[in-house]
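Quick note: the sequence shown uses numbering that gives the first Met the number 0, first residue 0, plus one each step. For reference, the structure is listed below as structure tokens.
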Amino acid sequence: MENQKEKKLPPKRIAGQIIESLRTRVAPSVGIPFILVGRRREAEIFTGVMKYIGDGNASFRFIVGINGAGKSMMLQAVRNKAIDTGFVTADTSLAASAALFGDSALSTYKGLIGSLSIKGRPDKGEGVLKVIIENVIVKAQKNADSELQKKGFGRDDVNFKDMTLNELDKILEAVNAREGGPLYCDLIKIYYDAFVNGDNKKKDSVLRWIRGEYNNKTEAKKALGVSSIIQKDNWYQYLKLFALFVKSAGYKGLIVMLDEAAALLDLNASSRSKNYGTILTMYNELNTPGTAQYIGVIMCATPEALDDREKGLSSVNALRQRIEKASGDSGSSSGAAIRLNPLTFEEMTVLCENINGIYSVSPGGSSFPDREEIAAFLSRPMFDVQKGDCTPREVIRDYIYKLDKLNQTEQPETDDTV
């Protein structure tokens, strides 16, 4: 095992954020590589999935694990890798909206568009959508400028705006070819016109439309002159269009992450069935070549949420058969359902040592258990790590508490999810 002192440690600010997230039982949004243990196989699978999507394909995968196994942590690792390699990411928890179908489905879409992240802007800031749109516009302007320079003219030429619009048409050709695409392209042109004229109100109106914030068609007609809006029955169509759009903007594609699919188990039978029908539609389309491009959906589910034939996703025969066929006999390979195996005793030991290192560069850390003390900590009857009955969440929770007590820091009490 490499010595802890030789391991690369995060900067103090990042270390503090990691430890605070772990204290509050939340998967850190930064610094995941400093803590993630025992998931190399899964990381390699998703690296391959991202390459596949970046090559113009689509994919739907499940991350499956018991509560506390590290699904949210794995999802954050995928998110960070996707951002670093040039994808746009969007993520939301189904525990918040609990719907992909019906009146609450639009809330899921809004949650996704409101969480957009890109390289340089991984913080899910509200301005990310604006950056993506303006990247397309700037790209079109540069292309138009290049064409004018070939003819001995510049951006002050009277034809510059028309040439930019022509370049926008070329850039958005793939978007325009899909259902709903012509309207989407018209909105980007409306944004372009507002962009060059400094009309912030009109730009905000376009942003509102893409975010799905218009309550009815009358509002959209008045603000933008369009007669359609994003709503509960077409949000997925426009999500696929958005994936093509971000590709046009120069990104590799869109990675969509849906956490807490187990929340769907709490719906009544009718609503649950309709939501599962939507998942089946998404799964079929994203795993059928040619029906969608540059988009991947990753959904986190417990074994019960996926495998239960009474209330889980497997209650839909067509969905169960597709997942089983794609995942092979065990469901733990690089198939549709990627199952998180329990961490071994050695991996749990490394996890604790990693936390030691991160804690050491965060505010207030100075004293730490050694490897023998960690082994004794993990050997307590309440854990039973050797039998695989203990989850990373439980170990992290108690180990952070142990470090806080050792270093005489206060441990906030909470009960959120890692």
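Every residue, glycine too, gets a C-beta built ideally from N, C-alpha and C. Just so you know, these numbers come straight off a predicted model, no measurement behind them.
May I have a chain-ordered list of the alpha helix (DSSP H) segments no shorter than 4 residues that lie completely inside the segment 262–336?
Correct list: 268–285, 302–306, 316–326.
Taking the alpha carbon of G289 as the reference point, which residue from K310, L312, K239 has its own alpha carbon closest?
Working through the sequence shown from its first residue, we reach residue 289 at position 290. If you compare the alpha carbons of K310, L312, K239 with that of G289, the shortest gap goes to K239.
M0 - DSSP class collapsed to helix/strand/coil:
Taking the first residue of the sequence shown as 1, we reach residue 0 at position 1. Because the pLDDT of M0 is 33, which lies under 50, any placement of that residue in the model is unreliable, and the number read from its coordinates should be weighed accordingly. Of the three classes helix, strand and coil, the one that applies to M0 here is coil, per DSSP.
Would you call the segment 301–315 and the segment 71–78 touching, i.e. three or more CB-CB distances under 8 angstroms?
Result no; under three Cβ-Cβ pairs closer than 8 angstroms.
Return the chain-ordered ranges of every alpha helix (DSSP H) run that is complete within the segment 148–180 and spans a minimum of 4 residues.
Segments of the alpha helix (DSSP H) lying fully in the segment 148–180: 159–170, 172–175.
Local Cβ density within 10 Å of R60, reported as buried at 16 or more and exposed below that
Start at 1 with the first residue of the sequence shown, and residue 60 comes out as number 61. Buried: at least 16 other Cβ atoms inside 10 Å.
Contact check, Y358 vs I18, beta carbons under 9 angstroms
In the sequence shown, counting from the first residue as 1, residue 358 sits at position 359. In the sequence shown, counting from the first residue as 1, residue 18 sits at position 19. Yes, the Cβ-Cβ distance between Y358 and I18 is below 9 angstroms.
Is the segment 274–285 in contact with the segment 108–115, if contact means three or more CB pairs nearer than 8 angstroms?
These segments do not touch.
Please report the straight-line C-alpha distance between A248 and L305, rounded to a whole angstrom.
Along the sequence shown, one-based indexing puts residue 248 at 249. Along the sequence shown, one-based indexing puts residue 305 at 306. It is roughly 35 angstroms from the alpha-carbon of A248 to the alpha-carbon of L305.
To the nearest whole angstrom, what separates the beta carbons of K246 and T84, a pair I think is in contact under 8 angstroms?
The residue labelled residue 246 in the question sits at position 247 within the sequence shown. The residue labelled residue 84 in the question sits at position 85 within the sequence shown. Incorrect: roughly 14 angstroms between the Cβ atoms, too far for contact.
Best match in I62, I354, Y51, V296 for proximity to P27 [C-alpha to C-alpha]
The sequence position of residue 27 within the sequence shown is 28, counting from 1. Considering only I62, I354, Y51, V296, the residue with the shortest C-alpha distance to P27 is I354.
Hey, quick one: how far does the beta strand (DSSP E) through F59 stretch, first residue to last?
Here residue 59 refers to the residue found at position 60 when the sequence shown is read from its first residue. For F59, the uninterrupted beta strand (DSSP E) run begins and ends at 57–63, by DSSP.
For the beta strand (DSSP E) that A26 lies in, which residues bound it at each end?
Stepping through the sequence shown from its first residue, residue 26 is reached at position 27. Bounds of any beta strand (DSSP E) do not take in A26, whose DSSP letter is neither H nor E.
Buried or exposed for S361, going by 16 or more other Cβ atoms inside 10 Å?
As a first step, residue 361 is located in the sequence shown; it is residue number 362 there, counting from the start. S361 should be labelled buried.
On the three-state DSSP scale, how would you describe A98?
Taking the first residue of the sequence shown as 1, we reach residue 98 at position 99. It is coil, neither helix nor strand.
Alpha helix (DSSP H) segment containing A42, residue limits:
The residue you call residue 42 lines up with position 43 of the sequence shown. It spans 39–53 - the alpha helix (DSSP H) in which A42 sits, taken as one unbroken run.
Return the Cβ separation of V127 and S116 in integer angstroms, given the expectation that the two are a contact with Cβ distance under 8 angstroms.
As a working mapping, residue 127 is identified with position 128 in the sequence shown. As a working mapping, residue 116 is identified with position 117 in the sequence shown. Right, their Cβ atoms sit about 6 angstroms apart.
Quick check: the Cα distance between K160 and S204, rounded to an integer number of angstroms?
Working through the sequence shown from its first residue, we reach residue 160 at position 161. Working through the sequence shown from its first residue, we reach residue 204 at position 205. Distance between the alpha carbons of K160 and S204 is about 21 angstroms.
Which same chain residues end up closer than 7 angstroms to M298 when comparing Cβ atoms and leaving out the 5 residues on each side of it in sequence?
Residue numbering aside, residue 298 sits at position 299 when the sequence shown is read from its first letter. Here the set comprises F61, L257, A260.
Between the CA atoms of K70 and S103 - distance to the nearest angstrom:
Sequence index remark: in the sequence shown, residue 103 carries index 104 (1-based). Sequence index remark: in the sequence shown, residue 70 carries index 71 (1-based). Taking the straight line joining both Cα atoms gives about 24 angstroms.
So, L164 versus K138, is the Cβ gap smaller than 9 angstroms?
Here residue 164 refers to the residue found at position 165 when the sequence shown is read from its first residue. Here residue 138 refers to the residue found at position 139 when the sequence shown is read from its first residue. Not closer than 9 angstroms, so no.
Taking the continuous alpha helix (DSSP H) assigned at D203, which residues delimit it?
Translated into positions along the sequence shown, residue 203 becomes position 204. Secondary structure note for D203: its alpha helix (DSSP H) is the uninterrupted segment 199–209.
May I ask you to list the residues that DSSP assigns as paired with D90?
The residue given as residue 90 occupies position 91 in the sequence shown. D90 pairs with M256.
Verify whether the separation of the beta carbon atoms of I52 and I254 is less than 9 angstroms.
Mapped onto the sequence shown, residue 52 falls at position 53. Mapped onto the sequence shown, residue 254 falls at position 255. Yes, they are a contact pair.
What first and last residue would you give for the alpha helix (DSSP H) that runs through E352?
The sequence position of residue 352 within the sequence shown is 353, counting from 1. Here the alpha helix (DSSP H) through E352 covers 344–360.
Buried or exposed for A291, going by 16 or more other Cβ atoms inside 10 Å?
Sequence index remark: in the sequence shown, residue 291 carries index 292 (1-based). By the neighbour-count rule (16 or more Cβ atoms within 10 Å), A291 is buried.
Leaving out five residues on either side along the sequence, give the residues of the same chain with a beta carbon under 8 angstroms from the beta carbon of N158.
Your numbering for residue 158 matches position 159 in the sequence shown. Apart from the 5 residues on each side of it in sequence, N158 sits with its Cβ closer than 8 angstroms to the Cβ of L147, F152 in its chain, given in chain order.
Which residues does DSSP list as the beta-bridge partners of R338?
Sequence index remark: in the sequence shown, residue 338 carries index 339 (1-based). Under the DSSP definition of a beta bridge, R338 partners with V63.
Three-state class that DSSP yields for R370 in the structure shown:
Taking the first residue of the sequence shown as 1, we reach residue 370 at position 371. Helix.
What did DSSP end up calling S226 once you bin it into helix, strand or coil?
Here residue 226 refers to the residue found at position 227 when the sequence shown is read from its first residue. In the structure shown, S226 sits in coil (DSSP, three-state: anything other than H, G, I, E or B).
In chain order, what residues of the same chain have a beta carbon less than 6 angstroms from the beta carbon of V394, not counting five sequence neighbours either side?
Reading the sequence shown from its first residue, position 395 is the one you call residue 394. The residues M347, in chain order, have a CB closer than 6 angstroms to that of V394 in the same chain once the five nearest residues on each side in sequence are set aside.
By DSSP's criteria, I117 is part of a beta bridge. Which residues make up the other side?
The residue you call residue 117 lines up with position 118 of the sequence shown. R120, per the DSSP bridge assignment.
Could you check which residue in S365, F367, N340 has the C-alpha nearest to that of R39?
Residue 39 sits at position 40 when you count from the first residue of the sequence shown. For R39, the nearest C-alpha among the options comes from N340.
Quick check on DSSP: helix, strand or coil for P32?
Position 33 of the sequence shown, counted from the start, is the residue given in the question as residue 32. Correct three-state label for P32: helix.
Where does R379 sit, in a helix, a strand or coil, going by DSSP?
The residue you call residue 379 lines up with position 380 of the sequence shown. Looking at R379 - three-state DSSP - the assignment turns out to be coil, as it is neither helix nor strand.
First through last residue of the alpha helix (DSSP H) which encompasses Y235
Indexing the sequence shown from 1 puts residue 235 at position 236. Where Y235 is concerned, the enclosing alpha helix (DSSP H) stretches over 234–247.
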